[in-house]
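Have a look at the structure below before the remarks.
What follows is the structure, given as structure tokens:
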């Protein structure tokens, strides 16, 4: 794939909701192997991030905090 094609892919992935649909389509049936592997790697990264966020949310909830509370405390110093 050319640089222009990859730039087009990145622009499409910047569009909310369209990006989710395209990632699923590309990961499952993209003709270009590089695009399919990129989409699959992106799905794996997003799943790892989601798992991390859920675990963080559970741990914060056990302490009676929210992510916004932690962020505001961090901003306040």
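Residue numbers (the working numbering): -17 to 59.
A virtual CB, placed ideally from N, CA and C, is assigned to each residue, including glycine.
Owing to the predicted nature of the structure, the values given are computational and were not obtained by experimental measurement.
Should residue i go down as buried or exposed, given a rule of 16 or more other Cβ atoms within 10 Å for buried?
i, result
"residue -12", "exposed"
"residue 34", "exposed"
"residue 56", "exposed"
In chain order, what residues of the same chain have a beta carbon less than 7 angstroms from the beta carbon of residue i, not counting five sequence neighbours either side?
i, result
"residue 0", "-6"
"residue 18", "8, 9 and 12"
I think residue i touches residue j, with their Cβ atoms under 8 angstroms apart; what is that distance to the nearest whole Å?
i, j, result
"residue 5", "residue 21", "5 angstroms"
"residue 61", "residue 9", "Residue 61 lies beyond the residue range present for the chain, which begins at -17 and ends at 59; the question has no answer from this structure."
For residue i, collect the residues of the same chain with a Cβ closer than 8 angstroms to its Cβ; drop the 5 residues on either side in sequence, then sort them by chain order.
i, result
"residue 49", "38, 39 and 42"
Within the chosen definition, does the segment 29 to 45 reach the segment 3 to 20 through at least 3 CB pairs nearer than 8 angstroms? No contact exists between the segment 29 to 45 and the segment 3 to 20.
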